[in-house]
Amino acid sequence: MRKTILSLAAMLLVACSASNEVTAANVKMYITIDNKTLPVTLVDNAATQALVERLQSSSVTVTLNSSGGFEIWGALGFSLPTSNQQITAQPGDVILYNGSNICLFYGSNSWSYTRLGHIEYSTQAELEEFLKAGQSNINVMLSLTAGTTTAIDNVRTACEPGVYYTMSGLKVAHPTHGIYIKDGQKIFIQ
C-alpha cells in the first residue's frame, strides 16, 4: 500500500513539475469568426499535436462554406495526420476530413472522420449564429489565443501554492478524506 501511495505521489509531482511543452492535451484552440471567439477543447491525437505545433508559429485563417445543413467546412491549406474512425459528429464537434479539410458541426452526421475537438458553447442557437449556419465564404481564424494575437502569453510551470490537487492532478476546492498534493507535499486527510 505504501509503495502504491508513494508511486502515485511521485506521478503527481512529476505532473506538477516544470514543463514548458505545449501539447494538444494541455492547450485550448480558439476559433474566431467576425471578432467573436469561442474556445475548443482539443482531443489528444497525432492530428491535434500537428495542428498545435502549426498554430504555435502563427494563426491559420480558412474560408469555410455551409454544406448539408449540418456543418461548415473547407480546406485547411495543409494536411494533418489522420486516425479516421466511423463516428457520428455532434453539434460543436471540430473534425478533420480527408486529412486536409476542417469541419465545424452545428448539426450531426456519420462518416469516417478524425476528431480534433469540441467547441465550447452555451446553446444550439448560439452555436448556429457563431458558425453562420447556412452561409458561405465564412472567414475563420484558428489560433492558440483568444484574441487576434498568435503568441502564447502564459505557460504555468508549477502547481499553484496553497491549492489541493488530486493524485491525478485535478484541483480540489474542498478536499474531503483521501490523499492530496498541496505545495508539493503529500497530504492525507482522514
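The working numbering numbers the first residue of the sequence shown as 1 and each following residue consecutively.
Built from N, CA and C at the ideal position, the CB exists for glycine as well.
Start and end residues, beta strand (DSSP E) containing Leu64:
Start and end: Val60 to Ser67.
Excluding the 5 residues flanking Ser178 on each side, which residues of the same chain have their C-beta closer than 7 Å to its C-beta?
In the sequence on display, residue 178 carries Gly and not Ser. Hits under 7 Å: Ile189.
Let me check understanding here. Comparing Cα to Cα, which of Ile187, Thr32, Ala46 and Lys186 lies closest to Arg115?
Taking each of Ile187, Thr32, Ala46 and Lys186 in turn and checking the Cα distance to Arg115, the smallest one comes out for Ala46.
Starting from Val52, follow the alpha helix (DSSP H) in both directions and report where the run begins and ends.
Residues Ala46 to Ser57.
Please state whether the Cβ-Cβ distance between Gly134 and Ser66 is less than 8 Å.
For Gly134 and Ser66, yes; Cβs fall inside 8 Å.
Leaving out five residues before and five after Ala146 in sequence, what residues of the same chain have Cβ atoms less than 6 Å from its Cβ?
Only Tyr30 and Thr37 meet the Cβ criterion.
Distance, Thr88 Cα to Asn109 Cα
Rounded to whole angstroms, the separation of the alpha carbons of Thr88 and Asn109 is 5 Å.
Return the Cβ separation of Lys171 and Tyr180 in integer angstroms, given the expectation that the two are a contact with Cβ distance under 8 Å.
Not confirmed; about 10 Å, so no contact.
Quick check on Gly117: buried or exposed, where buried means 16 or more other Cβ atoms within 10 Å of its Cβ?
Buried: at least 16 other Cβ atoms inside 10 Å.
Three-way DSSP call (helix, strand, coil) for Leu116 in this model
It is a strand residue.
On the premise that Tyr113 lies in contact with Leu131, defined as a C-beta separation below 8 Å, what is that separation, rounded to the nearest angstrom?
Actually they do not touch by this definition, with Cβ atoms about 17 Å apart.
CB Val62 to CB Leu42, shorter than 8 Å?
Not a contact, by the Cβ cut-off of 8 Å.
Integer-rounded CB distance, given that Tyr106 should sit under 8 Å from Leu76:
Contact between Leu76 and Tyr106 does not hold, since their C-beta atoms are separated by about 19 Å, which reaches or exceeds 8 Å.
CA nearest to the CA of Ile33, picked from Pro161, Arg54, Glu129 and Cys159:
Glu129 is the residue among Pro161, Arg54, Glu129 and Cys159 whose C-alpha sits nearest the C-alpha of Ile33.
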